[in-house]
Amino acid sequence: MDIVQHLPTLFMLVLLQAILGIDNLLYISIESKKVEPSQQKRVRQYGILLAMVLRIALLFIVVRILPLLKEEVLSFGNPALIDGHFSIHALTVLLGGGFILYTATKEIWHIITFDGEDEHHGKSKQSFNHTLALIVAMNLVFSVDSILTAISLTEVLWVMIVAIAIGGLIMILLADQVSDFLKKNRVYEVLGLFILFIVGIMLLSEGAHLGDMHLAGEPIHAMPKSTFYFVIIVLIGIDVIQTRYQRNLSKSKK
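In numbering that gives the first Met the number 0, the protein residues as written are 0 to 253.
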């Protein structure tokens, strides 16, 4: 009976893991392309599995040291220019957002300057272990907010662990499909990179907000999740319309 009464919370947590895992899947799909084709599926599966185990371990740690995550560990700046007061939570989100922004910008720049040479002459691939470490690290960055949200929804540890495990299995099932879709529809890879770019901005704004950061005396506010999802829907809509328009143009020329 105790299990039954926790099922609605478990469902909400699994749904939360799935929604928050979308941008994570995009990152995993884009990063896994940098290893040899024969290793891409394995690096995605190992990365998600290892991250899932570490996420559960992180959950136990966070439950124990939750007050410490919100204590100030770093402050800097001049109130007239820029200042901030950061906790471990704020720094994790801020640095994770900065790294995702850097990754997305680097890949977008590669697309802009792409001349086909790397595909024809064999661009050097990233090592399996390096890619695995990046996937696990970024998965943990994405997990911080989901774990804190889970703790705010329930105090029952097994419910959170089961939700994380189910969320990890869903990601493993979807990771190959997302990667295959992006390979077959290269135009959507650009869309994925820009979504990842916006994710980086969102995390940067959230980290700055958590760190009570000010620019020229004005506080930095976190990008609302509703704004983020609205921008994503608009981007997808524009991309779908543009693709259909190009197909119609091609048909009319033929």
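Note that the Cβ used here is the ideal one computed from N, Cα and C, for glycine as well. Every value quoted in this text rests on a predicted model; they were computed, and no experiment measured them.
Burial check for E30: the Cβ neighbour count within 10 Å reaches 16 or more, so the residue is buried. DSSP, read as helix, strand or coil, puts N77 in strand.
At least 8 Å separates the beta-carbon of I194 from that of I240.
Contact holds between the segment 36–50 and the segment 125–141, because three or more Cβ pairs, one in each stretch, are under 8 Å apart.
The segment 71–82 and the segment 166–181 do not touch, with fewer than 3 CB-CB distances between them shorter than 8 Å.
In the DSSP secondary-structure assignment, H213 is bridged to D82, P218. Closest option to G83, judged by alpha-carbon separation, among G236, R243, S249, S204: S204. Between the segment 6–17 and the segment 100–112 there are fewer than three C-beta pairs closer than 8 Å, too few to call the two in contact. DSSP places K33 in no alpha helix (DSSP H); its state is neither H nor E. Each of V61, E70, L139, R63 was checked against the Cα of D211, and the nearest Cα belongs to E70. V233 is positioned such that its CB atom lies no closer than 8 Å to that of L156. Cβ-Cβ distances below 8 Å link I219 to S204, A207, H208, M212, H213 in the same chain, with the five nearest sequence neighbours on each side left out; the list follows chain order. Pairing L6 with I163 gives a Cβ-Cβ distance that is not under 8 Å. At the C-beta level, L202 and I150 stay beyond 8 Å of one another. Judged by DSSP secondary structure, S251 falls within the alpha helix (DSSP H) whose first and last residues are 224–252. Remark: C-beta atoms of Y26 and I111 do not approach each other more closely than 8 Å.
I107 is positioned such that its CB atom lies closer than 8 Å to that of L192. The continuous alpha helix (DSSP H) containing S178 extends over residues 156–183. Membership of T102 in the alpha helix (DSSP H) is indicated by the continuous run 87–112. Rounded to whole angstroms, the separation of the alpha carbons of G216 and M51 is 40 Å. Counting other Cβ atoms within 10 Å of its Cβ, F85 reaches 16 or more and is therefore classed as buried. Residue state for E71 is assigned as strand, using DSSP reduced to three classes. If you draw a straight line from the Cα of H88 to the Cα of Y244, it is about 45 Å long.
Take D22, set aside five residues on each side of it, and the residues of its chain with a beta-carbon closer than 6 Å to its own are V198, in chain order.
Excluding residues up to 5 positions away in sequence, E30 lie with their Cβ nearer than 8 Å to the Cβ of L133 in the same chain.
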